[in-house]
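Chemist: Before I ask anything, here is the structure I am working with.
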Amino acid sequence: MINTQVTIAGVTFKNPVMEGSGTFGSGMEYSEFVDLNRLGAVVTKGVANVPWPGNPTPRVCEVYGGMLNAIGLQNPGIEVFCERDLPFLSNYDTKVIVNVCGRSVEDYIEVVERLSDEPRADMLEINVSCPNVKEGAIAFGTDPAALSNITKEIKAHTKKPVIMKLTPNVTNIAEMAKVAEDAGADAISLINTITGMKIDIERRKFALANKTGGMSGPAIKPIAVRMVYQASHAVKIPVIGMGGIATAEDAIEFMMAGATAVSVGMMNFVNPYATVECVEGIEKYLERHGIEDINELIGCV
Amino acid sequence: MKKKTVGKVLSQKSLAPGIYDLEIETCLAQDAKAGQFVGVYTKDASALLPRPISICGVSDDKKSIRLVYRVAGKGTDEFSHLKEGDDVTLLGVLGNGYDIDRIKTLGNSDTPVRALLLGGGIGVPPMLELSKELSTAGVKVISVMGYRNNDTFLLDEFKKYSDTYVASEDGSVGTKGNVLDAVRENGIGFDCICACGPMPMLRAIKEFAGDRTAFISLEERMACGVGACLGCVVKTAKEDAHSHVNNARICTDGPVFEASEVEI
Numbered sequence: 026m027i028n029t030q031v032t033i034a035g036v037t038f039k040n041p042v043m044e045g046s047g048t049f050g051s052g053m054e055y056s057e058f059v060d061l062n063r064l065g066a067v068v069t070k071g072v073a074n075v076p077w078p079g080n081p082t083p084r085v086c087e088v089y090g091g092m093l094n095a096i097g098l099q100n101p102g103i104e105v106f107c108e109r110d111l112p113f114l115s116n117y118d119t120k121v122i123v124n125v126c127g128r129s130v131e132d133y134i135e136v137v138e139r140l141s142d143e144p145r146a147d148m149l150e151i152n153v154s155c156p157n158v159k160e161g162a163i164a165f166g167t168d169p170a171a172l173s174n175i176t177k178e179i180k181a182h183t184k185k186p187v188i189m190k191l192t193p194n195v196t197n198i199a200e201m202a203k204v205a206e207d208a209g210a211d212a213i214s215l216i217n218t219i220t221g222m223k224i225d226i227e228r229r230k231f232a233l234a235n236k237t238g239g240m241s242g243p244a245i246k247p248i249a250v251r252m253v254y255q256a257s258h259a260v261k262i263p264v265i266g267m268g269g270i271a272t273a274e275d276a277i278e279f280m281m282a283g284a285t286a287v288s289v290g291m292m293n294f295v296n297p298y299a300t301v302e303c304v305e306g307i308e309k310y311l312e313r314h315g316i317e318d319i320n321e322l323i324g325c326v
Numbered sequence: 134m135k136k137k138t139v140g141k142v143l144s145q146k147s148l149a150p151g152i153y154d155l156e157i158e159t160c161l162a163q164d165a166k167a168g169q170f171v172g173v174y175t176k177d178a179s180a181l182l183p184r185p186i187s188i189c190g191v192s193d194d195k196k197s198i199r200l201v202y203r204v205a206g207k208g209t210d211e212f213s214h215l216k217e218g219d220d221v222t223l224l225g226v227l228g229n230g231y232d233i234d235r236i237k238t239l240g241n242s243d244t245p246v247r248a249l250l251l252g253g254g255i256g257v258p259p260m261l262e263l264s265k266e267l268s269t270a271g272v273k274v275i276s277v278m279g280y281r282n283n284d285t286f287l288l289d290e291f292k293k294y295s296d297t298y299v300a301s302e303d304g305s306v307g308t309k310g311n312v313l314d315a316v317r318e319n320g321i322g323f324d325c326i327c328a329c330g331p332m333p334m335l336r337a338i339k340e341f342a343g344d345r346t347a348f349i350s351l352e353e354r355m356a357c358g359v360g361a362c363l364g365c366v367v368k369t370a371k372e373d374a375h376s377h378v379n380n381a382r383i384c385t386d387g388p389v390f391e392a393s394e395v396e397i
């Protein structure tokens with residue numbers, strides 16, 4: 026019997042395959058395509074203390090081998106999320122990781138405290154890395170002191186395991202990973218999107234209303250693998266790896282680089298079956314290589 | 134049930150410069166209706182996102198769909214080279230489509246409801262399937278289609294289902310000007326409007342409609358097409374059902390909206 030279970034901060038996942046926050050809603054939209062019971066976890070779209078309208082359109086554009094987005098974290102706020110999205114996810118046998126966003130430390134704490142009594146939220150992922158909102162978010166993720174402070178504050182206000190989601194838009198990812206660990210993070214996830222820009226030369230305009238956007242997709246995968254490798258070697262806490270994962274082979278590459286679990290992000294938009302195909306492909310890989318425990322792969326290179 | 138599926142090209146021809154007519158055999162035809170769209174995938178791994186293209190027709194046997202589209206970039210350029218027998222990967226069926234039952238209630242009960250269909254440019258194709266479905270449902274259809282010039286693709290086909298008028302920007306055919314110029318010039322009466330076309334046209338139609346019901350089909354840059362990414366939103370007058378922030382998702386809450394519900 027092959028073991029595909031992985032454990033992060035005391036939470037055991039049936040397999041290491043999740044999806045990247047913001048690419049899967051709260052699972053509802055993709056439940057038409059895939060059986061959510063097959064996933065290690067559903068990672069929800071970022072949720073704030075109050076509803077956020079997000080950015081003006083156009084919010085998305087295609088780039089070579091990927092896309093840029095500047096959604097701006099449109100979300101219904103924590104109350105609607107707890108009344109609608111968490112009960113929906115209760116119908117499924119999968120772990121739930123709630124992604125939390127905010128403009129100030131107080132915003133984050135309000136959400137985190139509201140979720141403390143929600144049994145369906147197995148873990149919290151703290152988004153300190155969104156490049157598309159002006160206040161908060163990435164400001165916490167690019168300054169080591171701010172990252173340390175917000176991690177400590179959140180840990181002080183919740184008993185749930187906390188994942189800090191890191192941005193690749195920093196000079197030294199290993200240092201940021203270490204800062205999060207030292208401040209008490211139970212795990213880290215990376216990479217969020219890489220800040221990019223596209224210009225429509227026919228119209229002489231920015232392709233996105235926000236001018237800049239976060240790049241995702243297969244084109245960024247080598248950068249993500251490198252950063253997961255560097256971060257996972259700098260810390261003892263588990264790493265959730267993501268950035269351009271499309272197939273089981275990509276997922277295994279991230280695990281070998283040091284990730285305990287992996288997320289499919291933008292490629293859900295291209296192939297709505299990508300998550301479950303990764304689960305099945307990983308099982309076949311383990312079988313083909315005679316590997317009895319998936320944990321053997323983690324950081325094996 | 135939405136799915137990603139491989140269809141087979143039955144035929145493709147050019148209708149006008151840059152305008153192509155693609156017939157695809159696909160299981161998606163079973164559930165497809167006017168106002169909905171499909172995502173069409175390129176075979177180019179550098180151009181990953183499905184291209185949203187509106188449904189121009191559904192075959193009577195519900196086995197194939199017809200897409201009439203304009204070449205606007207490398208994705209649609211690739212599609213224009215598809216030939217009979219080629220595979221084409223689709224995501225669908227997407228979007229809400231027109232609510233025919235609702236349209237049937239919009240007149241007074243003595244005479245058939247009169248639906249005025251307005252299409253502009255590449256907004257013309259989805260109006261064709263709508264004219265067919267409405268006329269089949271017993272609605273009186275009046276079609277007014279607007280073009281740049283005398284490349285009046287699909288116009289003759291509207292005549293099968295509707296009283297048909299035409300406007301052209303250069304005056305080479307029909308009324309010189311836009312579709313609303315043609316509506317005024319011909320003194321066309323109606324109970325409701327259904328429209329698809331460029332944003333300035335839709336804005337003018339929203340204003341023209343006043344308190345009469347108008348349904349407009351919107352377009353926006355999209356990624357997932359299924360309501361997850363929140364990339365394609367439009368400002369709404371009331372709170373939207375998903376995020377409660379007056380930003381509805383065009384791909385799933387639309388693309389067809391009541392004009393009074395959206396702020397464009």
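Taken in order, these protein sequences are the chains called B and U. Counting in this note's numbering, the final residue of the first sequence is number 326, and the numbers go up one at a time with none missing. Counting in this note's numbering, the final residue of the second sequence is number 397, and the numbers go up one at a time with none missing. All C-beta atoms, glycine included, are put in the ideal place defined by N, C-alpha and C.
1) Cβ closer than 8 angstroms: which chain B residues qualify as neighbours of M355/U?
2) Counting only Cβ pairs nearer than 9 angstroms, list the residues of chain B close to L223/U.
3) Which two residues bound the contiguous beta strand (DSSP E) that contains F38/B?
4) Which of the three DSSP states, helix, strand or coil, is assigned to L363/U?
5) Going by the beta-carbon positions, is the gap between T69/B and N293/B smaller than 8 angstroms?
6) Under the three-state reduction of DSSP, which class applies to G50/B: helix, strand or coil?
7) Measure from the alpha carbon of R251/B to the alpha carbon of each residue in N197/B, T29/B and C303/B, then state which is nearest.
8) If I measure Cβ to Cβ from K203/B and keep anything under 8 angstroms in the same chain, skipping five residues before and after, which residues do I get?
9) Residues of chain B with a CB under 7 angstroms from the CB of A180/U: which are they?
10) Got a sec? Which residues, its chain only, sit under 8 angstroms from A370/U by beta carbon, not counting five neighbours each side?
11) Does the contact criterion of 3 or more C-beta pairs under 8 angstroms hold for the stretch 206 to 225 of chain U versus the stretch 243 to 263 of chain U?
12) In chain order, what residues of the same chain have a beta carbon less than 8 angstroms from the beta carbon of L129/U, not counting five sequence neighbours either side?
13) Is there at least one Cβ from chain U nearer than 8 angstroms to G65/B's Cβ?
14) Can T222/U and Y174/U be called in contact, C-beta distance under 8 angstroms?
15) For the pair the stretch 56 to 70 of chain B and the stretch 121 to 132 of chain B, tell me if three or more CB-CB distances fall below 8 angstroms.
16) Secondary structure at Y298/B, three-state DSSP: helix, strand or coil?
17) Taking a cut of 7 angstroms between CB atoms, which residues from the stretch 213 to 238 of chain U lie near chain B?
18) Once DSSP output is grouped into helix, strand and coil, what is the label at Q169/U?
19) Y310/B to E302/B, Cα distance in whole Å?
20) Can you find a C-beta in chain U that's less than 8 angstroms from the C-beta of T144/B?
21) Reducing DSSP to helix, strand and coil, say where V306/U ends up.
22) Along chain U, which residues have their Cβ under 8 angstroms away from the Cβ of E54/B?
23) Could you please give the first and the last residue of the uninterrupted alpha helix (DSSP H) stretch that includes R251/B?
24) When Cβ atoms are compared, which residues of the stretch 71 to 84 of chain B fall closer than 8 angstroms to chain U?
25) Where does I216/B land, buried or exposed, given buried means 16+ other C-beta within 10 angstroms?
26) Tell me the DSSP secondary structure of C86/B in three-state form.
27) Give a yes or no on contact between the stretch 178 to 185 of chain B and the stretch 234 to 242 of chain B, applying the rule of three or more CB pairs nearer than 8 angstroms.
28) Go ahead and pull the three-state DSSP assignment for S268/U.
29) Pop quiz: L239/U and D177/U are said to be a contact at Cβ under 8 angstroms. What is the actual Cβ separation, rounded to whole angstroms?
30) For A286/B, which option in V295/B, I316/B and I307/B has the closest C-alpha, if you only look at C-alpha atoms?
31) Which runs of the beta strand (DSSP E) at least 3 residues long sit entirely within the stretch 102 to 144 of chain B? Give them in chain order.
32) Quick one: which unbroken beta strand (DSSP E) runs of 3-plus residues sit fully inside the stretch 213 to 256 of chain U? Chain order, please.
33) In three-state DSSP terms, what is A300/U?
34) Identify whether I270/B lies in helix, strand or coil by the three-state DSSP scheme.
35) Between the beta-carbon of D110/B and the beta-carbon of S51/B, is there less than 8 angstroms?
36) Please list, in chain order, the chain B residues whose beta carbon lies closer than 9 angstroms to that of N379/U.
Modeler: If we stick to the structure as given:
1) V85
2) Simply none; closest approach about 12 angstroms.
3) V36 to F38
4) coil
5) no
6) coil
7) N197/B
8) A259 and V260
9) E87
10) N379, S393, E394, V395 and E396
11) no
12) Because chain U spans 134 through 397 in this model, residue 129/U falls outside it and cannot be assessed.
13) no
14) yes
15) yes
16) coil
17) none
18) coil
19) 12 angstroms
20) Checking the sequence shown, residue 144/B turns out to be Pro, not Thr. Not an interface residue.
21) coil
22) C357, V359, G360, A361 and T385
23) K246 to A259
24) P76, W77, P78, G79, T82, P83 and R84
25) buried
26) strand
27) no
28) helix
29) Not quite, the Cβ-Cβ distance comes to about 44 angstroms (not below 8 angstroms), so this is no contact.
30) I307/B
31) 120 to 125
32) 220 to 227 and 247 to 253
33) strand
34) coil
35) yes
36) P78
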